[in-house]
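Numbers 0 to 484, taken from numbering that gives the first Met the number 0, label the letters of the sequence shown in order.
Please read the structure below before turning to the comments.
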Amino acid sequence: MLNSTSSGEYEALMSEAAVRIRSHLEGRSQPATNSAAGDLEARVAAINLDSPGIGPSGALREIDELFLAEAVWFHHPHYMAHLNCPVEITAVAAEAMLAAVNTSMDTYDQSRIGTFIERHVVDWIGKRVGFSSCDGVFTSGGTQSNMQALLLAREAALGVLPQVSRAVSQSRQVVFTSEESHFSVEKAAMVLGLGADAAVKVPVDHEGRMRPEALDEAIRRSKSTGFQPMAVVATAGTTDRGIIDPLIDVADVTDDHGVWLHVDAAYGGGLLVSATRRSMLEGIERARSVTVDFHKMFFQPITCSVLVIQYPQDLRGSEWHADYLNPEGAQEPNQVDKSLQTTRPFDALKLYATLRSTGVDGLGRSIDQVLDLTEKAHAFITEHPDLQLCSSTDLSTVLFRWQPQGVDPDTAAAMVSGIRDTMQRNGKAMIAKTVLAGLPCLKLTLLNPATTLADVRAVLEDVADVAESLHRDHQVKPAPEEVAV
0 MLNSTSSGEY
10 EALMSEAAVR
20 IRSHLEGRSQ
30 PATNSAAGDL
40 EARVAAINLD
50 SPGIGPSGAL
60 REIDELFLAE
70 AVWFHHPHYM
80 AHLNCPVEIT
90 AVAAEAMLAA
100 VNTSMDTYDQ
110 SRIGTFIERH
120 VVDWIGKRVG
130 FSSCDGVFTS
140 GGTQSNMQAL
150 LLAREAALGV
160 LPQVSRAVSQ
170 SRQVVFTSEE
180 SHFSVEKAAM
190 VLGLGADAAV
200 KVPVDHEGRM
210 RPEALDEAIR
220 RSKSTGFQPM
230 AVVATAGTTD
240 RGIIDPLIDV
250 ADVTDDHGVW
260 LHVDAAYGGG
270 LLVSATRRSM
280 LEGIERARSV
290 TVDFHKMFFQ
300 PITCSVLVIQ
310 YPQDLRGSEW
320 HADYLNPEGA
330 QEPNQVDKSL
340 QTTRPFDALK
350 LYATLRSTGV
360 DGLGRSIDQV
370 LDLTEKAHAF
380 ITEHPDLQLC
390 SSTDLSTVLF
400 RWQPQGVDPD
410 TAAAMVSGIR
420 DTMQRNGKAM
430 IAKTVLAGLP
440 CLKLTLLNPA
450 TTLADVRAVL
460 EDVADVAESL
470 HRDHQVKPAP
480 EEVAV
């Protein structure tokens with residue numbers, strides 16, 4: 000156990016772990032291996048967890064050989080698959096510190112100064128949003144942040160009709176969000192007892208932005224049929240396109256109808272510290288609640304997310320008291336009063352460390368660097384003879400497909416999965432795939448300031464080469480009746 004008598008062993012083990020990590024950081028030529036899933040599963044299954052211990056160094060060696068050697072390394076410049084970022088180094092050191100202390104953020108007597116650090120960081124991001132006064136709490140991620148926001152919206156909406164029973168009122172509540180919003184909105188509606196179909200999908204325009212006039216129409220229609228608009232969720236950075244909804248126009252609609260506006264800025268919240276693109280979030284300050292994931296564009300270790308509330312009293316909607324922990328009337332500043340979680344890690348310390356180390360301007364420059372690279376990637380695809388851009392973006396996603404002249408669109412669409420799977424198997428680069436308006440697309444998500452245009456070009460040329468090879472192999476395959484028996 001870690002205590003005063005084992006501090007020397009702790010230092011030695013941390014040094015050993017750091018050496019092993021350094022070896023992979025410096026020695027990885029590609030973001031992943033080409034090991035098959037079945038082989039990996041068999042290697043793990045062969046380990047007897049009931050066998051005698053192998054000692055601390057033995058355990059680290061096994062973790063190195065089993066996990067680190069086969070991990071997907073997000074720091075590699077050819078990792079471009081999902082919303083995973085390399086991590087800011089001071090935040091990594093801070094996480095090691097907080098793991099050693101093992102602080103829990105539920106009550107003041109467990110966290111003490113950690114309570115005030117978290118509140119200070121929440122106040123900081125709230126001011127960046129544009130809230131004059133605010134409150135909030137760190138969460139496990141955007142899914143939880145969105146869920147708690149909708150819980151608070153539900154409780155606020157229930158108070159509008161106090162003469163109606165909770166069961167009846169809740170059965171009438173609906174949430175409005177765009178066709179391209181994150182699935183966590185529907186999941187939250189289901190978990191909150193509204194049903195997934197209570198999430199009303201609002202049409203988007205050709206760029207993937209929520210249409211404010213369609214939102215207004217949907218709200219009016221729901222009211223006329225006896226439903227109660229509970230909340231509108233606007234997205235500042237859709238997962239696929241990286242598009243920001245028209246926040247000002249959406250806020251105008253929610254103001255007209257008196258509906259809670261939540262902005263899911265899990266992805267696009269990084270623009271809050273951008274020196275060149277902050278204006279793209281204009282209107283976010285009119286939201287009643289905002290989600291920001293720091294483990295995306297802020298380069299923080301997973302997990303690190305926040306829910307910020309414009310009006311502190313709104314957080315009472317999720318408040319719960321326990322005599323042994325946070326009794327009613329307690330004078331201590333207990334963060335559990337604000338959270339859906341009880342035991343909760345001190346994630347705010349990681350962001351605090353980054354802000355004090357790199358400064359806000361340094362963080363903003365890294366974000367702008369990623370977004371500048373995305374613009375260059377779009378330009379490269381536009382000029383490439385065999386690649387076709389599928390959508391524009393406001394952030395750092397690149398949707399495209401292999402579509403040379405002479406290849407019909409249906410064939411190109413059918414090849415998307417094969418291209419992505421081939422690249423996943425060889426491990427040279429990690430890319431993703433999705434479906435946009437029924438069209439299969441390949442997808443890059445750029446979140447690494449160390450990735451260069453040369454890296455992006457290399458990955459895109461690999462895509463073109465893999466696609467050409469797959470297409471050629473498909474064309475020369477004999478027809479079924481020609482296959483020898």
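Heads up, the beta-carbon is just placed ideally off N, CA and C, and yes, glycines get one too.
The structure presented is a predicted model; accordingly, all values stated were derived computationally and were not measured.
Asked, Found
"L443, enclosing beta strand (DSSP E) - first and last residue", "438–444"
"Proximity test, G135 beta-carbon vs the ligand HEM heavy atom, cut-off 7 angstroms", "By its list of ligands, the structure shown contains no ligand whatsoever, and the ligand HEM lies outside what it can speak to."
"Straight-line gap, Q147 to V232 (C-alpha atoms, nearest Å)", "13 angstroms"
"Nearest residue (CA-CA) to A93, options W259, D251, D346", "D346"
"When A80, G54, H74, D461 are compared against E25, the one with the closest alpha-carbon", "H74"
"Stretch-stretch touch, CB-based, cutoff 8 angstroms, three pairs: the segment 206–213 with the segment 291–307", "no"
"Identity of the residues DSSP links to R400 by a beta bridge", "Q387"
"Residue nearest to A45 in terms of C-alpha spacing, selected from E61, G54, V249, P30", "E61"
"Outcome for M296 when other beta-carbon atoms lying within 10 angstroms are tallied against a minimum of 16", "buried"
"Three CB pairs or more closer than 8 angstroms across the segment 107–118 and the segment 357–372", "no"
"Opening and closing residue of the alpha helix (DSSP H) in which W123 lies", "112–128"
"Assigned secondary structure, E480 (DSSP; H/G/I helix, E/B strand, else coil)", "In this prediction, E480 has a pLDDT of 43, which is less than 50 and means its spatial position is unreliable; nothing more can be read from the coordinates."
"As assigned by DSSP and simplified to three states, the class of I62", "helix"
"Where the alpha helix (DSSP H) through K375 begins and ends", "347–382"
"Which residues DSSP lists as bridging S168, in chain order", "Paired residues: none, contrary to the question."
"Member of L438, G437, V415 whose CA lies at the smallest distance from the CA of I430", "V415"
"Paired residues, beta bridge with Y9 - DSSP", "Beta-bridge pairing links Y9 to no other residue."
"R171 beta carbon less than 8 angstroms from that of G225", "yes"
"Nearest-angstrom beta carbon gap, S139 and S317 [assumed within contact, 8 angstroms]", "With 8 angstroms as the limit, S317 and S139 do not qualify as a contact, their Cβ atoms being about 15 angstroms apart."
"L306, enclosing beta strand (DSSP E) - first and last residue", "304–308"
"For V475, three-class secondary structure by DSSP", "Note that V475 scores 44 on pLDDT, short of 50, meaning its location in the model is unreliable; the coordinates nonetheless yield the value given after this. Helix."
"G267 - containing beta strand (DSSP E), residue span", "From DSSP, G267 is part of no beta strand (DSSP E); its letter is neither H nor E."
"Check whether L1 and L59 have beta carbons under 8 angstroms apart", "no"
"Nearest residue (CA-CA) to W401, options S395, S391, T381, T392", "T381"
"Chain-order list of residues whose beta-carbon lies under 7 angstroms from that of E480 (same chain, five-residue window excluded)", "Residue confidence is low: E480 scores 43 on pLDDT, short of 50, so the model does not pin down where it sits. No coordinate-derived value is stated."
"A483 burial status per 10 Å Cβ neighbour count (16 or more: buried)", "Reliability fails at A483, whose pLDDT of 35 lies under 50, so the model's placement of it is uncertain and no value is given."
"Three-state secondary structure assigned by DSSP to G192", "coil"
"Neighbourhood of R42 by C-beta, 7 angstroms cutoff - its chain only, sequence neighbours within 5 removed", "L65"
"Top-ranked residue by Cα proximity to M229, from V184, P245, G236, A265", "V184"
"Cβ separation of K427 and R419, assumed to be a contact under 8 angstroms, to the nearest whole Å", "13 angstroms between Cβ atoms; not a contact."
"Cα-Cα separation, W123 to L306", "13 angstroms"
"Cutoff 8 angstroms: I46 Cβ touching any chain B Cβ", "Of the chains in the structure shown, none is chain B; there is only one protein chain."
"Anticipated Cβ contact below 8 angstroms, I308 with G129, distance rounded", "Actually they do not touch by this definition, with Cβ atoms about 13 angstroms apart."
"Closest residue to P448 among M79, G7, S14 (Cα-Cα distance)", "M79"
"Boundaries of the beta strand (DSSP E) in which L435 is found, first to last residue", "431–435"
"Where the alpha helix (DSSP H) through K222 begins and ends", "211–223"
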